[in-house]
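3 is the number of the first residue of the sequence shown in our numbering; add one for each residue after it.
Beta carbons: idealized from backbone N, C-alpha and C, even for Gly.
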Amino acid sequence: MPITFDHSYARDLPGTYLRVTPDVAPAPRLLVLNQALAADLGIALTEAEATTWFSGAALPPGAEPIAQAYAGHQFGGFSPQLGDGRAHLLGEIVTPSGQRFDLQLKGSGHTPFSRGGDGKAAVAPMLREYLISEAMAALGVPTTRSLAVVATGETVWRETALPGAVLARVAASHIRVGTFQFLAARGDKVRLQALADYTIARHDPDLLGANQRYLAFLDRVIDRQARLIAQWMGLGFIHGVMNTDNMAISGETIDYGPCAFMEGYAPGTVFSSIDHTGRYAYANQPLILGWNLARLAETLVPLIDPDPDRAVDLANDRLQSIAGRYRAEWLAVMRRKLGLLGADAGDAALADDLLAAMQGADWTLTFRRLADPATLRPLFQDFAAMEAWLSRWQARAGEGAPERVAKANPAVIPRNHKVEAALEAATAGDMALFHALLAAVRTPFEEREEFMLPAPTGFGGYVTYCGT
Ligand code: AMP
Ligand code: MG
């Protein structure tokens, strides 16, 4: 059945993309297809269509592929031109309920933005994005989604020869902080305003007629991102590469590269092999949130007010509110995780003191086992502080707390050792472990011991890689 595409981004925003054609995979093989997501999008896809359309063998009728331009601060350093170096946006799908989504291929070949890269992706990182993004969706976290992964039959060279793959990704949009930076860096105010108006129409249409709409738009992005990062923190999720080109204006988690879930709680946890300074460590994510949003605010200054001083004052005023707004979102997340009803002045201290008491203990299991505190002790080397905290918590949480805690805290997250085992087998051609893990992370509140336990000792310091 054909997909009906629209191309509003290409139509409205000339100068922000290039027309490109995906490569043709020599021997495509469908590895995984998300029929539930297809149904949500209001499209019907056969396996044969998915294989053909997402491997470049033939484009779905109506697709008009483009590579989007964007800039970005990567680990703090600014690149005025990044862009889709290995991705092709096929077009937009409007669902039966009127929501608009991008359908993009990733790993689908070279573009003018490839900068020395090969435009390709390997099976393991594309399946990894599929798995973790679907886990995040099941956990209720805003995220891009994964529609399919197709193995290309091609060899991709990284440190070794690896099987290649293409991911079909669905996003509310692929507009990033870096998209705004691309036009701002060129001093192209006309196109910048067109981008801002397009983005507002797409993500915050109620602001179209508002006065001070660009400031109001900044506020919306702050709200969405503060809520998103608070959710990440609640789950122990570490994105790993929070560059401004990997921060979506929609408020969705995007670009699953070296991300991973923390096991033993340690604020400085870093998994990415290239994050030498811990810039994107677990506990730094809320600070990077503010840093990245300041970069977005800078691009909006010329639109906010004709008087630059006044514009900067207005933007700064919003930026100064971020820390407090994030903290409020985080506290809301923690109240839910701790099963606290209502709001008590001592709740923030209760949450902070738990963090102090649970250093080193498994993040996911500690919260989950609050439902049955007798099971907590084996998670702790020294239980004294936790025991003292538990009696405070029980006094505050009161009746029904175990049920609320079990509803708020997942039993199953994509544990690093499980993800690695599944991806290793998939690279060798066996998808069974991947499908079993995918099924488990899709129902994260159901207890399944096989997927709940932390990595066995010996799994060691886990390292993830980008540039994948
Ligand atoms: P990422 O770290 O995946 O967010 O990518 C950062 C930038 O590098 C983006 O502009 C990507 O399109 C580009 N890039 C990443 N991997 C490749 C690759 N294999 N070939 C070409 N461009 C790439
Ligand atoms: Mg990226």
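Which one of the options has the shortest CA to CA distance from residue i?
{"i": "residue 433", "options": "22, 458, 32, 309", "result": "32"}
{"i": "residue 149", "options": "449, 163, 128, 171", "result": "171"}
{"i": "residue 225", "options": "147, 329, 182, 191", "result": "329"}
{"i": "residue 369", "options": "447, 438, 327, 254", "result": "447"}
{"i": "residue 314", "options": "175, 15, 217", "result": "217"}
{"i": "residue 364", "options": "418, 106, 337", "result": "418"}
{"i": "residue 115", "options": "91, 85, 108, 397", "result": "85"}
{"i": "residue 109", "options": "380, 156, 431, 268", "result": "156"}
{"i": "residue 420", "options": "455, 260, 311", "result": "455"}
{"i": "residue 271", "options": "463, 163, 459, 45", "result": "463"}
{"i": "residue 269", "options": "253, 26, 280", "result": "280"}
{"i": "residue 152", "options": "390, 27, 13, 395", "result": "27"}
{"i": "residue 161", "options": "19, 189, 123, 169", "result": "123"}
{"i": "residue 112", "options": "23, 396, 410, 245", "result": "23"}
{"i": "residue 207", "options": "47, 439, 425, 101", "result": "101"}
{"i": "residue 159", "options": "168, 134, 119", "result": "119"}
{"i": "residue 25", "options": "258, 72, 38, 107", "result": "107"}
{"i": "residue 39", "options": "11, 132, 461", "result": "132"}
{"i": "residue 173", "options": "141, 237, 189, 248", "result": "248"}
{"i": "residue 298", "options": "57, 59, 75", "result": "75"}
Skipping 5 residues on each side, what residues in its chain have a beta carbon closer than 7 Å to that of residue i?
{"i": "residue 233", "result": "143, 335"}
{"i": "residue 423", "result": "435"}
{"i": "residue 332", "result": "232, 235"}
{"i": "residue 12", "result": "19, 66, 68"}
Excluding the five sequence neighbours on either side, which residues of its own chain have a C-beta within less than 6 Å of the C-beta of residue i, listed in chain order?
{"i": "residue 193", "result": "17, 185"}
{"i": "residue 415", "result": "263, 366"}
{"i": "residue 371", "result": "377, 378"}
{"i": "residue 44", "result": "97, 98"}
{"i": "residue 29", "result": "155"}
{"i": "residue 304", "result": "191"}
{"i": "residue 451", "result": "none"}
{"i": "residue 63", "result": "4"}
In whole angstroms, give me the CA-to-CA distance for residue i and residue j.
{"i": "residue 399", "j": "residue 346", "result": "10 Å"}
{"i": "residue 187", "j": "residue 82", "result": "6 Å"}
{"i": "residue 34", "j": "residue 41", "result": "15 Å"}
{"i": "residue 239", "j": "residue 284", "result": "7 Å"}
{"i": "residue 467", "j": "residue 212", "result": "44 Å"}
{"i": "residue 401", "j": "residue 342", "result": "10 Å"}
{"i": "residue 136", "j": "residue 302", "result": "33 Å"}
{"i": "residue 205", "j": "residue 383", "result": "47 Å"}
{"i": "residue 275", "j": "residue 294", "result": "22 Å"}
{"i": "residue 182", "j": "residue 277", "result": "25 Å"}
{"i": "residue 457", "j": "residue 51", "result": "38 Å"}
{"i": "residue 68", "j": "residue 121", "result": "14 Å"}
{"i": "residue 203", "j": "residue 251", "result": "12 Å"}
{"i": "residue 349", "j": "residue 337", "result": "7 Å"}
{"i": "residue 325", "j": "residue 228", "result": "9 Å"}
{"i": "residue 309", "j": "residue 300", "result": "14 Å"}
{"i": "residue 413", "j": "residue 53", "result": "34 Å"}
{"i": "residue 89", "j": "residue 209", "result": "31 Å"}
{"i": "residue 396", "j": "residue 358", "result": "17 Å"}
{"i": "residue 146", "j": "residue 255", "result": "6 Å"}
{"i": "residue 243", "j": "residue 139", "result": "19 Å"}
{"i": "residue 241", "j": "residue 8", "result": "31 Å"}
{"i": "residue 355", "j": "residue 394", "result": "10 Å"}
{"i": "residue 373", "j": "residue 353", "result": "16 Å"}
{"i": "residue 95", "j": "residue 221", "result": "27 Å"}
{"i": "residue 21", "j": "residue 61", "result": "14 Å"}
Where does residue i land, buried or exposed, given buried means 16+ other C-beta within 10 angstroms?
{"i": "residue 55", "result": "buried"}
{"i": "residue 443", "result": "buried"}
{"i": "residue 318", "result": "exposed"}
{"i": "residue 166", "result": "buried"}
{"i": "residue 15", "result": "buried"}
{"i": "residue 104", "result": "buried"}
{"i": "residue 339", "result": "buried"}
{"i": "residue 198", "result": "buried"}
{"i": "residue 260", "result": "buried"}
{"i": "residue 223", "result": "buried"}
{"i": "residue 406", "result": "buried"}
{"i": "residue 219", "result": "buried"}
{"i": "residue 175", "result": "buried"}
{"i": "residue 386", "result": "exposed"}
{"i": "residue 362", "result": "exposed"}
{"i": "residue 48", "result": "exposed"}
Could one say the Cβ of residue i lies closer than 8 Å to chain C's Cβ atoms, at least one of them?
{"i": "residue 25", "result": "Going by chain labels, chain C is absent from the structure shown, which holds only one protein chain."}
Output needed for residue i: all residues of its chain with C-beta closer than 8 Å, excluding positions within five of it in sequence on either side, in chain order.
{"i": "residue 428", "result": "33, 125, 126, 129, 435, 436"}
* To do: Output the residue ranges of the beta strand (DSSP E) runs that lie fully inside the region 187-245 and measure 3 residues or longer, sorted by chain position.
  => none
* To do: List in chain order: all unbroken beta strand (DSSP E) runs of 3+ residues lying wholly within the region 59-134.
  => 68-70, 74-76, 79-81, 89-96, 102-108
* Whole alpha helix (DSSP H) elements within the region 266-317, 4-residue minimum -> 287-306
* Asked: What are the complete alpha helix (DSSP H) segments, minimum 4 residues, inside the region 4-64?
  -> 10-14, 37-43, 49-55
* **Complete alpha helix (DSSP H) runs within the region 367-417 (minimum length 4 residues, chain order)** => 386-399, 403-410
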